[in-house]
Amino acid sequence: MQKPICVLVFSLLLACLCGCVSTLTPTPVPTQPLRMATSTPTMLPATPTPTPEDLPSAFEINAAAATPVHSLVPLLAGDASLDEVFLSQMQSDLAERTTIPTERILLGRIVPDTWTDADLGCTSSVGSGSFERERTGYVVTWLIGDSVYTYHTEREDRYVLCPGSEIAQDDLLLAVDLIANDLLGLAKRRLARELDLPQERVRLVNIVPVTWQDTSLGCPQPDTHYASADLRGYRIEVAVGNETYIYHTDDSRLIACSADLEQLPPGLLNR
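In structure tokens, the structure reads:
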């Protein structure tokens with residue numbers, strides 16, 4: 185009897201609990217609103233604006249030699265050679281006369297020659313008597329920039345500096361002037377293309393530096409106005425067979441010029 189009563193009581197309690205649970209209304213719990221992730225912009229470093237610089241001129245390029253040159257080795261090789269001490273004395277003498285450092289004085293060439301007067305063929309001054317016999321020696325040329333200075337020697341005993349200087353041209357110019365080489369090559373290629381022949385058939389007759397007085401580069405065309413300007417360049421003469429061709433340049437332009445039109449500084453081709 186007691187056991188059924190306990191079961192009944194337990195059932196009633198369970199029913200009451202279920203009823204209470206079913207009538208409870210859940211209370212909403214506030215939540216943090218969902219935020220979408222946003223990308224953070226990456227700051228790029230500022231690109232510096234380059235400062236414009238003047239391009240070096242063609243003639244400044246020549247001043248910056250890429251390869252050091254031994255100043256006592258001739259730029260133009262030949263069969264003649266002189267004692268280095270004798271050459272060094274000559275170089276130092278020229279440095280003292282011109283106030284130019286010896287490292288900027290380059291040996292151009294050494295050529296054997298023969299003299300018959302006291303000043304070794306450099307001058308014809310009064311009182312320079314003749315030798316009783318010929319004296320052998322050398323013509324030694326030195327370069328400072330594009331200026332050529334010439335010494336005459338009696339063997340390796342003494343030397344005489346010939347007066348004045350000349351402008352380097354032809355092979356001696358090409359030995360020290362990168363721009364002259366480039367423009368000569370351009371002239372040869374252009375002429376070879378125009379004549380439809382191998383470039384090897386175009387040979388150099390003469391190349392000499394010159395300063396033109398206006399933008400015509402010494403080759404003015406009829407009824408054309410040109411601005412006055414000092415423009416450094418070259419006069420180039422090449423040949424194919426017996427026919428010669430003339431070109432005038434500044435440091436970037438190359439123009440063909442006929443002999444009847446060209447206007448050259450006095451004495452340019454008589455140096």
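Numbering (this note's numbering), first residue to last: 185 to 455.
For glycine and all other residues, C-beta sits at the position ideal for the given N, C-alpha and C.
Given the structure is predicted, the values throughout are model-derived calculations rather than measurements.
Annotation note: the region 322-410 contains the following uninterrupted beta strand (DSSP E) runs of length 3 or greater, listed N- to C-terminal: 331-338, 342-345 and 387-398.
Rounded to the nearest angstrom, the Cβ distance from Ala-352 to Val-332 is 5 Å, consistent with a contact under 8 Å. Between the region 262-280 and the region 371-380 there are fewer than three inter-stretch CB-CB distances shorter than 8 Å, so the stretches are not counted as touching. Residue range 412-424 is occupied by the beta strand (DSSP E) that includes Ala-423. In the DSSP annotation of this structure, the continuous segment of the alpha helix (DSSP H) that includes Glu-280 starts and ends at 268-282.
Residues Gly-321, Tyr-322 and Tyr-343 of the same chain have their beta carbon placed closer than 6 Å to that of Thr-337, with the five preceding and five following residues left out of the count. Residue state for Leu-453 is assigned as helix, using DSSP reduced to three classes. Look at Glu-446 here: in three-state DSSP terms it is coil, with no helix or strand label. Taken through DSSP and simplified to helix, strand or coil, Thr-307 comes out as coil. In this structure, the alpha-carbon of Leu-445 lies about 50 Å from that of Arg-317. Secondary structure of Arg-288 (DSSP, three-state): helix. With a cutoff of 7 Å on beta-carbon distance, Asp-434 and Ala-413 are scored as not near each other. Minimum Cα-Cα distance from Leu-356 among the listed residues Ala-440, Gly-305, Thr-334 and Arg-377 corresponds to Thr-334. Excluding five sequence positions before and after Leu-266, the CB atoms of its chain that fall closer than 8 Å to its own CB belong to Ile-294, Tyr-322, Val-324, Thr-337 and Glu-340, given in chain order. It is roughly 20 Å from the alpha-carbon of Gln-447 to the alpha-carbon of Glu-427.
Nearest in C-alpha terms to Asp-366, of all of Tyr-418, Ser-255, Cys-403 and Asp-330, is Tyr-418.
Rounded to whole angstroms, Glu-287 and Asp-361 show a C-alpha spacing of 17 Å.
Taking 7 Å as the cut-off, the beta carbon of Leu-415 is found no closer than this to the beta carbon of Ile-391. Beta-bridge partners of Thr-428 (DSSP): Ala-423.
Its Cα nearest to that of Ser-349, the residue Cys-306 stands out among Tyr-429, Pro-449 and Cys-306.
Going by C-alpha positions, Pro-404 is about 18 Å away from Pro-393. Considering only Leu-304, Ala-359 and Ala-302, the residue with the shortest C-alpha distance to Asp-330 is Ala-359. For Gly-451, the closest C-alpha among the options Leu-271, Ala-261, Thr-395 and Leu-304 is that of Thr-395.
Taking C-alpha positions only, Val-424 is separated from His-409 by approximately 33 Å.
Pro-258 counts as buried, since at least 16 other C-beta atoms from the protein chains shown sit within 10 angstroms of its C-beta. For Leu-260, same chain residues with a beta-carbon under 8 Å away, outside a window of 5 residues either side, are Gly-292, Arg-293, Asp-355, Leu-356 and Ala-359 in chain order. When the Cα atoms are used, Leu-271 and Ala-411 turn out to be separated by approximately 46 Å.
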